[in-house]
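A quick write-up on the structure given underneath.
Protein chains: 2
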Amino acid sequence: MPFVNLRPDFALDGSLADEMRGIGRRARAAARLIALASAQTKDIALRTIAEHLRAAGAEILSENAVDVAAAKAAGQTSALIDRLTLDAGRLAGIAEAVEKIGALPDPVGRQVAAFERPNGLLIERIAVPLGVIGVIFESRPNVTADAGGLCLKAGNAAILRAGSDSHRTAVAIADTMRAGLVASGLPADAVQIVPTRDRAAVGAMLSGLDGCIDVIVPRGGRGLVERVHAEARVPVFAHLDGINHVYVAASADLAMARSIVLNSKMRRTGICGAAETLLVDRACAETHLKPLVEMLIEAGCAVRGDETVRAADHRVVPATEADWRTEYLDAIIAVRVVEGLDAAIAHIESFGSHHTDAIVTEDDAEATRFLAEVDSAIVVHNASTQFADGGEFGFGAEIGIATGRMHARGPVGIEQLTTFKYRVHGSGQTRP
Amino acid sequence: MPFVNLRPDFALDGSLADEMRGIGRRARAAARLIALASAQTKDIALRTIAEHLRAAGAEILSENAVDVAAAKAAGQTSALIDRLTLDAGRLAGIAEAVEKIGALPDPVGRQVAAFERPNGLLIERIAVPLGVIGVIFESRPNVTADAGGLCLKAGNAAILRAGSDSHRTAVAIADTMRAGLVASGLPADAVQIVPTRDRAAVGAMLSGLDGCIDVIVPRGGRGLVERVHAEARVPVFAHLDGINHVYVAASADLAMARSIVLNSKMRRTGICGAAETLLVDRACAETHLKPLVEMLIEAGCAVRGDETVRAADHRVVPATEADWRTEYLDAIIAVRVVEGLDAAIAHIESFGSHHTDAIVTEDDAEATRFLAEVDSAIVVHNASTQFADGGEFGFGAEIGIATGRMHARGPVGIEQLTTFKYRVHGSGQTRP
């Protein structure tokens, strides 16, 4: 399979702003076409892209080797180099993920609602693509294929901006996707990658490229997300923090509390769905606190706690108010004893980030109140916070997790990469 | 019924920014409470507010008289003075509209989706209020009660900012609503009005008041909406223009085309759903163009057209490209003959504003293509564009019409003043 460079020429000596505007205009034009592509056409395109990714493996891995060598020479951390490095297995996984996106049900054209008016007008609300989605990411090269594939499935054009470290790998993957699009009769510009490492390109994307970007999805660390929130002039699907709580209520089953707390905190500590704070009802502290704290410490988790928690285990270090506000993304947990449900909810509303919060309780009335009153994108009763994931929700895949209140909240799957329009069917009606 | 001033003191000699932040904080606190109010509590509150509005009629009309006198003294247009002026009948209409909002089904707590995962987790998507809605409006005092009532029904707190001309009337209405809230056991701060005419208050609202405003709804002319779009740092539900088209296709029934074109343009020329451009397929120009143009002119509409249109009637004045881009909001229409459906869609995509566009045709395949390919919030087959209205859609009432692509499009009723959260019900599940 040829490794075709279908990117338009990008005059680095020209005006970056002009070049970015050109990317925006081409994306908008491609979005009009991709929005009207049939489910079958899009699915074939995604399968074809997967084939092209497999066939272009050698070229992609060779570009990746250049990125990895540069990252090593620049003294990057081993964690970054691990995220950056592709091998045959990881590349196969990327291609397979694209294929799986193709197999998801088409979110475009769904009838979201339909109603007939007394005058005989039939009004339908129909899902349509959002338009052009700008994705800004850092070192994980798989985001190129995942994000491009998800945007495409939902009938959108994507403008991708890779981090400096993964730039060559991302360009190779995007070019391969573009070849797959063309081979499927779809416009290459449905997936574009910003062909420069110049950080000014990010600023241009955040300005919306003259109305040619409808939404920005940042995929990366806190610094990136903060910059995007501060500068973006278009809507953003993102979360800044995942300061997630597990509240162990008085009636919690201790065995269940143990397994949920352990999984919420320690399954993977670096993901946004990981718990960062454990709240324990004082009414069960005598029976539940010590076993939970010991379990965490024995699992390798540092515990920071209030006085009651410290009294339960001498290995607990004192927590300060800053701990209640910290997303550790590490094997550290803040533990606080609270005076019942209202205090737990008040703590979560004061210090949380409206991402994912869980209650462990056998009392259904208490669970109902927690689920109603905690104002987070995802609220959980008797299960782990680490289920905060598009795959675990059954969305097939997610482009990210949002904590904004508009349009998209929680895992952002293909359904939330669509919007809607009203189709009104008449037989000559005029308005009185 | 007492006319109670429940507004907190507003130190006009203090820092406006601080005072506005205080309004934001009080709104956020009230939003938490109102979000949890039952459907019944909210409905009783809206009925109570309606009663208070009736009982406070004399006070409201007396404040209105001061506003009207000032507007007259300032030499305002008779159109503005008409919009501004209340009488007993209009006030009764305002109270009745609030009562009707109360009678609508509660949009909060609806189960939008529910799915069970293979591991037994039950995931529900539940409608929840948006939070705090900032409404910025101009001279129509009824917006105070309408917007405040709609926000309340959807469980939101409202921060209202009236135009300078209607300020005293709006404050009187808002104070009456606050008294009704308190009498119903709900927080007065669920409806706040900015108690100053200082335009800097608008800028403060557009900044989002430290995250205390979730969305801005501007209700007013183009100047206001443009300022809001340019400056807002929070999402906006609005439309800038309603450059709406009626496309009369070759197979259109002439009688139907006549009544739809006349109604779309002339029923009311000043509303955003009014048609501004008529496109006629060249294939039916010989039979349809002259009767449509004559009908419009005889109804008192000025016609600006291309050469073919001018040849059909000597009273047509030449259209320039600017006419295709103009929202007249008046008895003026631009008419163009186009070469079939593709040209009609291309014209609409080039010059339209993605608000409401209609096709008149007896050819279902052509209608289907038009409805699919025209990328507007509302697309209509064989009916008037003037149905672009929340009441006509059966939403009960609307806070405005949006042409943005995110979250809310078309008429924004109470359903779109909500967002959602995920409720996850487990029985101890942890993530593998």
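Residue numbers (my numbering), protein chains in the order written: chain X, 1 to 432; chain D, 433 to 864.
Don't be surprised by glycine CBs; every beta carbon is placed ideally from N, CA and C.
Within chain X, the C-beta atoms nearer than 8 Å to that of K853 of chain D come from D375, S376, A377, I378, V379, R409 and G410, in chain order. Against chain D, the beta carbon of N382 of chain X has neighbours under 7 Å at G858, S859 and G860, listed in chain order. CA-CA distance, R700 of chain D to I476 of chain D, rounds to 35 Å. For E339 of chain X and M20 of chain X, the gap between their C-alpha atoms comes out near 55 Å.
Taking a cut-off of 8 Å on C-beta distances, the stretch 206-219 of chain X does not touch the stretch 325-345 of chain X, as fewer than three cross pairs fall below it. No residue range can be given for G563 of chain D, since it is assigned to no beta strand (DSSP E) and is classified by DSSP as neither H nor E. Residues of the stretch 687-710 of chain D with a Cβ closer than 7 Å to any Cβ of chain X, in chain order: M688, S691, I692, N695 and R699. The C-alpha of A334 of chain X is placed about 7 Å away from the C-alpha of W324 of chain X.
A straight line joining the alpha-carbon of E63 of chain X with that of P667 of chain D spans about 40 Å. The C-beta distance from T144 of chain X to A162 of chain X rounds to 6 Å, short enough to meet the 8 Å contact threshold.
CA-CA distance, A743 of chain D to E718 of chain D, rounds to 11 Å.
Looking from the CA of G242 of chain X, the closest CA among X:R178, X:G273 and X:R409 belongs to X:G273.
P723 of chain D: member of the alpha helix (DSSP H) spanning K722 to E730, first to last residue.
Contact between the stretch 351-370 of chain X and the stretch 620-630 of chain D is not established, with fewer than three Cβ pairs separated by less than 8 Å. Contact between H857 of chain D and L554 of chain D is confirmed by a C-beta separation of about 4 Å, below the 8 Å threshold. Between L711 of chain D and R768 of chain D, the beta carbon gap of about 6 Å places them in contact (Cβ cut-off 8 Å). The C-beta separation of F237 of chain X from V412 of chain X comes to about 5 Å, placing the pair in contact by the 8 Å criterion. Around the beta carbon of R26 of chain X, a 10 Å sphere encloses 16 or more other beta carbons of the protein chains shown; the residue is thus reported as buried. For F547 of chain D, at least one C-beta of chain X is nearer than 9 Å to its own C-beta. Taking each of X:Y422, X:L209 and X:F387 in turn and checking the Cα distance to R855 of chain D, the smallest one comes out for X:F387.
Residue contact check for V303 of chain X against chain D: no CB pair falls below 9 Å.
Within its own chain, the residues whose Cβ lies closer than 7 Å to the Cβ of A17 of chain X, once the five positions on either side in sequence are excluded, are A204, listed in chain order. Of the residues assessed, G653 of chain D falls on the exposed side of the cut-off, its CB having fewer than 16 other CB atoms within 10 angstroms. The CB of L553 of chain D comes closer than 7 Å to the CB of A383 and F387 in chain X, given here in chain order. At a cut-off of 9 Å between C-beta atoms, P235 of chain X counts as an interface residue with respect to chain D. Judged by beta-carbon spacing, R47 of chain X lies beyond the 9 Å limit of A92 of chain X, meaning their Cβ atoms are not closer than that value.
Taken in chain order, the members of the stretch 130-146 of chain X whose beta-carbon sits within less than 9 Å of a beta-carbon on chain D are L130 and G131. The Cβ neighbour count for T850 of chain D, taken over all protein chains shown within 10 Å, is at least 16; the residue is labelled buried. Legend: CB atoms of the stretch 449-468 of chain D lying less than 8 Å from CB atoms of chain X belong to residues R464, A467 and L468. D597 of chain D is positioned such that its CB atom lies closer than 9 Å to that of A502 of chain D. Between G149 of chain X and I101 of chain X the beta-carbon gap is near 4 Å, inside 8 Å, which marks them as a contact. Rounded to whole angstroms, the gap between the alpha carbons of L86 of chain X and A50 of chain X is 16 Å. At the C-beta level, N244 of chain X and G352 of chain X come within 9 Å of one another. By the criterion of a C-beta distance shorter than 8 Å, I846 of chain D is surrounded in its chain by I533, L536, P539, L582, K585, A586, F827, G828 and A829, once the five residues flanking it on both sides are discounted. The Cβ of G394 of chain X sits closer than 9 Å to at least one Cβ of chain D. For R405 of chain X, the nearest beta carbon of chain D is closer than 9 Å to its own beta carbon.
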